[in-house]
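So the sequences go chain by chain: A and B.
Just remember that our numbering sits 853 ahead of the position in the first sequence, which is counted from 1.
Just remember that our numbering sits 6 ahead of the position in the second sequence, which is counted from 1.
From the three backbone atoms N, C-alpha and C, an ideal C-beta is built for every residue, glycine too.
Since the structure is predicted, the reported quantities are computational estimates derived from the model, not experimental observations.
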Amino acid sequence: MTVLTIADHRRGDLRDVSFELLTAGRELADAVGTDLHAAVISGNVEEFADDLNREGVDQIHTVEYGEEFNHDVYAQAVTALTEDLGAEFLLVPNSVNGLDYAPAVATRLGRSYASDAVGLDYDGTLEVTREMYGSKVETTVEVTEGPFVASVRSGEWPAAEGVGDADVSAFDFDVDEDAVGSTVKGFEEVGGGDVDISEANFLVSIGRGIEEEENLELVEALVEATGATLSSSRPIVDNGWLPKNRQVGQSGKQVTPDVYLAIGISGAVQHVAGMKGADTIIAVNTDPNAPIFDIADYGVVGDLFDVVPALIEEFGGEPPSV
Amino acid sequence: MKVLVTVKEVATVEDDFEISGTEIEETYLDYDLNEWDDYAVEEGVQLAEAGDDVEVVAVTIGPERADETIRMALAKGADRAVRVWDDAIEDVELLDVETKAELLGAVVEAEDPDLVLSGVQANDDSFGATGVALAEEIGFQWAAVVNALDTEKVLDEGVASVRRELEGGVEELTDVDLPAVLTIQTGINEPRYASLRGIRQAQSKEIKPQSLDDLGLDASVVESSLDVTAMYEPETESDAQFLDGDADEQASKLADVLREKGVVGE
Ligand SMILES: Cc1cc2nc3c(=O)[nH]c(=O)nc-3n(C[C@H](O)[C@H](O)[C@H](O)COP(=O)(O)OP(=O)(O)OC[C@H]3O[C@@H](n4cnc5c(N)ncnc54)[C@H](O)[C@@H]3O)c2cc1C
């Protein structure tokens, strides 16, 4: 039995989740009583292997192939390596690239797949903790048939640290070029523009609770009265109500203001990924069970259409009638 | 050209709810078209509008009630729909990814589409995996988390030129050979509202029910390898200080906090 984790990297850097996976993998390996292997595919694999060589890692496998992620190559390499090692437990990141190859690998290997794990327990069988209904409930699911593949949520385990003494070896296998049906043409940064919300010290952030584009006027009045900077959750940007450079979250910007005032935002994991580093988090939401309150320092359970106008008046502003 | 769009009726949970056993009690659930699938439907319909002879077929796994949700896809412009259901499926508490991929795979085999569009994830069980697992199951190419698709290239060259939205505001530009499955991210387009005319037309469009038998599958495909052992409201790690009172009082306390933190003057 072996636990195998797959690293994630982009444009020359390992992503944090690669080290978090090592921690999750080590814990699982300890529970099972087995070794922890890690693999890194494409890019500067020698350098990546050095970096992945942290405490608790027994073996590192490198697969040299191209510079960047290609899901066909990853799917082939991970499948081949898992089979070669007879790895019972395959842990991959639930990152955007993880989403792009993990389900294919699980299918190819004919294994059960549990995605977006926030907890892993092993006691003869594996139990995966997952969230459902937009983080409103947590479930534990037992994987009744091993071996399995699980993708692991970023930010749930601490990054592995310390210097390890893993063996590093190249995993040689021939990529079947005919089976590579996708070609990565390049990358582009999006969401530049006039304002850099990651520099702001006070963000007023609005979410789908605002309901209509016209109602944005209300939040804009608050921003004006308080001298804050306006940001938002994803649906506001998807609707075209605010430009992409205002989006906070996993696929938007990471922000670290002194105060983050989240109004009508539920606190989905991909949103929280971008703002949990704020010093003080304040949330206004009608739903007392909204996940945003779990990470908030101050909570206002209330209707934004009542609270925001009152707040504007507190700062001497004039609330627009919406 | 044929475009198959996978749609799911997802359960949404009311603000206050109760769990019984490993399920949320039915009275606290509402049903709606999965947000991500709405964008997938729109992308399919836009392809049909741009191309000459493009048929859009919506497919779902769901009980009869789900007809209501599929009608939304039909009202927005899908030509017809397939709904997979069976007593054997009804009995399964949590359909795992493998099962969904096999069920949808059988529909793909029957329909033989050039392109399958599916949402990145479903907001109820949040696996985020069905589209890619389906692609692998049926031997299609794929791309996950797509937020732009070059319509002309799909229609004229048989290549899906896509943007994949990575973390932190970076997009990957990728070409994928057809046939392919794309998992669609919100923001790729602006989903339309169903027009009254569309809603009326949807009434006469076909929703074809398909059982396991119809699809040439036996009950073993629905054997899930995942068992839900517990469901609970996550323990709140919150040490949030709640500002109570009516809206004016709350606002006043909130204003005090903001002043205290020094982010607003006065
Ligand atoms: C791969 C991927 C990447 C993603 N990246 C991001 C990202 O970068 N950023 C991001 O934000 N999301 C991202 N998402 C989307 C994310 O999953 C959520 O869909 C999104 O964050 C929800 O936004 P929201 O909180 O504004 O809306 P909702 O979840 O709909 O929440 C609205 C909230 O408003 C409250 N509300 C309603 N009316 C009122 C009222 N009158 N007064 C007060 N409160 C009210 C409701 O109780 C609810 O809690 C991503 C998703 C995926 C799959």
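- Within the stretch 128-158 of chain B, the residues whose Cβ lies closer than 9 Å to any Cβ of chain A are, in chain order, Asn129, Asp130, Asp131, Ser132, Phe133, Gly134, Ala135, Thr136, Gly137, Val138, Ala139, Leu140, Ala141, Glu142, Glu143, Phe146, Gln147, Trp148, Ala149, Ala150, Val151, Asn153.
- Interface annotation, Thr992(A): in contact with chain B, CB-CB separation under 8 Å.
- Within a 10 Å sphere around the beta-carbon of Gly1062(A) sit 16 or more other beta-carbons, which makes this residue buried.
- Secondary structure of Glu171(B) (DSSP, three-state): strand.
- Here the alpha carbon of Tyr1113(A) sits roughly 6 Å from the alpha carbon of Ile1135(A).
- Taking CB atoms only, Glu1167(A) has a neighbour in chain B less than 8 Å away.
- Not one heavy atom of ligand 1 lies closer than 7 Å to the C-beta of Phe133(B).
- For Asn923(A), the closest of Glu31(B), Thr28(B), Ile76(B), Glu178(B) by C-alpha to C-alpha distance is Glu178(B).
- When the beta-carbon positions are compared, Val19(B) and Leu952(A) stay at least 8 Å from each other.
- A distance below 7 Å between beta-carbons, with the five flanking residues on each side excluded, links Thr887(A) to the following residues of its chain, in chain order: Met854, Thr855, Val856.
- Excluding residues up to 5 positions away in sequence, Leu221, Leu223 lie with their Cβ nearer than 6 Å to the Cβ of Ala112(B) in the same chain.
- By a beta-carbon distance limit of 8 Å, Arg961(A) contacts Thr932(A). Their separation comes to about 5 Å.
- Only residues of its own chain outside the window of five on either side were considered, and among them Glu995 have a CB closer than 6 Å to the CB of Thr978(A), listed in chain order.
- Beta-bridge partners assigned by DSSP to Leu218(B): none are found.
- Thr242(B) sits in coil when the DSSP states are folded into three classes, being neither helix nor strand.
- Assigned with DSSP and collapsed to three states, Thr935(A) falls in helix.
- For Thr1079(A), the three-state secondary structure derived from DSSP is helix.
- In the DSSP annotation of this structure, Gln1100(A) is not part of any alpha helix (DSSP H), being labelled neither H nor E.
- Interface residue (Cβ-Cβ distance to chain A less than 8 Å): Tyr34(B) is not classified as such.
- Interface flag for Ile1135(A) against chain B is set, since a Cβ pair is found closer than 8 Å.
- Annotation: the continuous beta strand (DSSP E) that includes Asn153(B) extends over 147-155.
- Taking C-alpha positions only, Asp21(B) is separated from Val898(A) by approximately 48 Å.
- Identification of chain B residues near Asn1068(A) by a Cβ-Cβ cut-off of 7 Å yields none; the smallest Cβ-Cβ distance measures about 16 Å.
- Setting aside the 5 residues that flank it on each side, Asp44(B) is surrounded in the same chain by Pro197, each with a C-beta closer than 7 Å to its C-beta; the list follows chain order.
- In terms of CA proximity to Val1048(A), Ala1081(A) leads the group Ala1081(A), His914(A), Asp1031(A).
- Secondary structure of Phe248(B) (DSSP, three-state): strand.
- Here the C-alpha atom of Ala970(A) lies approximately 29 Å from the C-alpha atom of Val47(B).
- At a threshold of 7 Å, Leu249(B) does not count as near ligand 1, since its beta carbon sits no closer than that to any of the ligand's heavy atoms.
- Going by beta carbons, Ile213(B) and Ala87(B) fall inside the 8 Å limit.
- Under the Cβ criterion (8 Å, minimum of three pairs), the stretch 1083-1095 of chain A does not count as touching the stretch 1134-1154 of chain A.
- According to the DSSP assignment, Glu15(B) belongs to the beta strand (DSSP E) that extends over 15-19.
- Between Ala253(B) and Ala1163(A) the beta-carbon gap is near 5 Å, inside 8 Å, which marks them as a contact.
- Contact of Lys1038(A) with chain B is assigned, a C-beta pair being separated by under 8 Å.
- Listed in chain order, the non-local C-beta contacts of Thr1133(A) below 6 Å within the same chain comprise Val1112, Asp1150, local neighbours out to five positions each way being set aside.
- Counting the other CB atoms within 10 Å of its CB gives Ser132(B) a total of 16 or more, which places it among the buried residues.
- When Ser258(B), Val63(B), Glu241(B) are compared, the shortest CA-CA separation from Glu117(B) is found for Val63(B).
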